[in-house]
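The structure under discussion appears below in the form of structure tokens.
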DNA sequence: GTCTATACGACGATAGAC
DNA sequence: GTCTATCGTCGTATAGAC
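Chains as they are written, first to last, in this note's numbering: chain E, 16 to 214; chain Z, 16 to 214.
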């Protein structure tokens, strides 16, 4: 009988470590989570963890870049599926709202933890590729005259700021109803803020 | 000669501890700051610190409630100085922008640190009194028909979300120019988003 | 009230057997 | 590659002199 069936591949072990880490970090934060906690939660021993990752920081770094990659892929796909800027941005907000409900740990870790405190090398989230792509989309919207001409950072903040605040409020438990409920309510004024058309 | 001149009053010692703590927390974060650090930075010994505060968490708690009180006082004053909702909200954003430039530690600690990770008892920032007052102001704006009738959380997020995002971006070092530069640019679309008037 | 010195525990990380 | 056992460090908090 092929022993490979019962054997954990390195990738499976790594994945178990990473998903356990994400859950713990989002629940208790980086500093309140010990490597021992990760070992227990993932079912992988401390020694094994240190075999796969240089140190605790490297685990956090891997979790982070995994999520960044995933977000980027998703937003890229949204970009290619929609043509008008308004559809694109609306779809991005819808996606962010959905993932906040279905995998709160992901959003919690992505845009609601202070990475600088434990990943000093990493640039801030809003300089990450997904956020850059979102600004790129806004920029295209200006060129297409869908969005009023203004500072790019200002426009992006106006367009996505409200949605992002709703997300953090929801993660804080201040909002009871699921976010998708508010999609229309948030989108209409957000778009109104920057659109070239007077609604 | 009156010895009181050379003697530190308890209040002065406490204040030294609190301001040193605020600076360190905002620079390095709660968990990267040891009580030893606070002792060195404030010039107060560890023993003295523990005489005034039960534990490290209590120091953080005191810093936090001090800042909340201060913000609340400031916003209350703004509320009484302005009558129209638009003036009030604009003044609040102007105030937040100013304090972000003049005392970045304050804003850093107020709305850009994960309090839940080290102050488990404290309710989230957005449930704090200053934020409640901001929502109150928005609510009055709806009653006065200055702001479109909609969910209060949604309206508040739309009105202040962009400004708050600009603040965190600025604290992250992603925005180079001082925030007050952007006041008009942020205010116009933010107000447009929720105003009953079509601009 | 303020200080120094120290106890105590927890954590990150390693060593070395299997 | 995975495990258990352990080391050294550091951080919180206390004891006790002044």
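Virtual Cβ for every residue (Gly too), placed ideally from N, Cα, C.
{"Check": "Buried or exposed (CB count within 10 angstroms, at least 16 for buried), residue 138/E", "Outcome": "exposed"}
{"Check": "Alpha-carbon to alpha-carbon, residue 127/Z and residue 207/E", "Outcome": "28 Å"}
{"Check": "Coil, strand or helix - residue 210/Z by DSSP", "Outcome": "strand"}
{"Check": "CB contact below 8 Å: residue 142/E versus chain Z", "Outcome": "yes"}
{"Check": "is_contact[residue 189/Z, chain E] using C-beta, thresh 8 Å", "Outcome": "yes"}
{"Check": "Residue-chain proximity (residue 159/Z, chain E), Cβ-Cβ < 8 Å", "Outcome": "no"}
{"Check": "Closer than 8 Å to chain Z by CB, residue 201/E", "Outcome": "yes"}
{"Check": "Residues bridged to residue 162/E (per DSSP)", "Outcome": "210/E"}
{"Check": "Sequence-distant residues of its chain with Cβ nearer than 7 Å to residue 209/Z (five each side left out)", "Outcome": "162, 163, 170, 173 and 174"}
{"Check": "Through-space distance from residue 39/E to residue 62/E, alpha-carbon basis", "Outcome": "19 Å"}
{"Check": "Unbroken alpha helix (DSSP H) run spanning residue 83/E, endpoints", "Outcome": "71-96"}
{"Check": "For residue 24/Z, three-class secondary structure by DSSP", "Outcome": "coil"}
{"Check": "Distance, residue 202/Z Cα to residue 95/Z Cα", "Outcome": "20 Å"}
{"Check": "Same chain, Cβ closer than 7 Å to residue 59/Z, five either side skipped, listed in chain order", "Outcome": "28, 31 and 32"}
{"Check": "Limits of the alpha helix (DSSP H) - the one that residue 186/E falls within", "Outcome": "167-186"}
{"Check": "Beta carbon proximity, residue 194/Z to chain E, threshold 8 Å", "Outcome": "no"}
{"Check": "Separation of residue 66/E from residue 97/E, as counted between CA atoms", "Outcome": "44 Å"}
{"Check": "DSSP-derived helix/strand/coil call for residue 37/Z", "Outcome": "helix"}
{"Check": "Residue 100/Z, enclosing alpha helix (DSSP H) - first and last residue", "Outcome": "100-117"}
{"Check": "Nearest residue (CA-CA) to residue 131/E, options 150/Z, 35/Z, 198/Z and 41/Z", "Outcome": "41/Z"}
{"Check": "DSSP-derived helix/strand/coil call for residue 197/E", "Outcome": "helix"}
{"Check": "8 Å Cβ shell around residue 211/E - same chain, five flanking residues per side excluded", "Outcome": "160, 161, 162 and 163"}
{"Check": "Endpoints, alpha helix (DSSP H) assigned at residue 66/E", "Outcome": "61-67"}
{"Check": "Residue-chain proximity (residue 156/Z, chain E), Cβ-Cβ < 8 Å", "Outcome": "no"}
{"Check": "For residue 35/Z and residue 25/Z, the rounded distance between their alpha carbons", "Outcome": "16 Å"}
{"Check": "Any C-beta of chain E under 8 Å from that of residue 212/Z", "Outcome": "no"}
{"Check": "Near-chain Z residues of the stretch 35-60 of chain E - C-beta to any C-beta below 7 Å", "Outcome": "44, 46 and 47"}
{"Check": "Rounded straight-line distance, which links the Cα of residue 52/Z to that of residue 178/E", "Outcome": "38 Å"}
{"Check": "DSSP state of residue 153/Z mapped onto helix, strand, coil", "Outcome": "helix"}
{"Check": "Under 8 Å between C-beta atoms of residue 99/Z and residue 152/Z", "Outcome": "no"}
{"Check": "Nearest residue (CA-CA) to residue 117/Z, options 146/Z, 44/Z, 213/Z and 186/Z", "Outcome": "186/Z"}
{"Check": "Status (buried if at least 16 other CB within 10 Å, exposed otherwise) for residue 75/E", "Outcome": "buried"}
{"Check": "Chain E contact for residue 17/Z (CB, 8 Å cutoff)", "Outcome": "The predicted position of residue 17/Z is uncertain, since its pLDDT is 40 and thus under 50; a value taken from the coordinates is nonetheless stated next. Residue 17/Z does not count as touching chain E."}
{"Check": "Chain E within 8 Å of residue 71/Z, Cβ atoms only", "Outcome": "no"}
{"Check": "Interface positions of the stretch 159-187 of chain Z facing chain E (Cβ-Cβ less than 7 Å), listed along the chain", "Outcome": "165, 166, 168, 169, 172, 173, 176, 177, 179, 180, 181, 184 and 187"}
{"Check": "Contacting residues, own chain, Cβ-Cβ under 8 Å from residue 108/Z (five flanking each side not counted)", "Outcome": "175, 178, 198, 201, 202 and 205"}
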